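In the UniProt record's numbering, the protein residues as written are 1 to 73.
All C-beta atoms, glycine included, are put in the ideal place defined by N, C-alpha and C.
Computed from a predicted model, the values in this text were never measured in an experiment.
The structure under discussion appears below in the form of structure tokens.
In structure tokens, the structure reads:
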């Protein structure tokens, strides 16, 4: 593709090739951004659920559960 454009000296063809390359790069960058954002949201949701469940469980434990160990130990 590039050799044909360079041999014929077709400037519109060169511009079209550069635009196509830029478009492919932009789509790749946007896809990466979307994937990253999706994974971050999913990970944060999992962490939130774990913390919420742990806190709910800790609230159900009797106070005597926390008494046996001294603070300094």
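- Under the three-state reduction of DSSP output, residue 65 falls in the helix class.
- Look at residue 31 here: in three-state DSSP terms it is helix.
- Rounded to the nearest angstrom, the gap between the Cα atoms of residue 68 and residue 43 is 35 Å.
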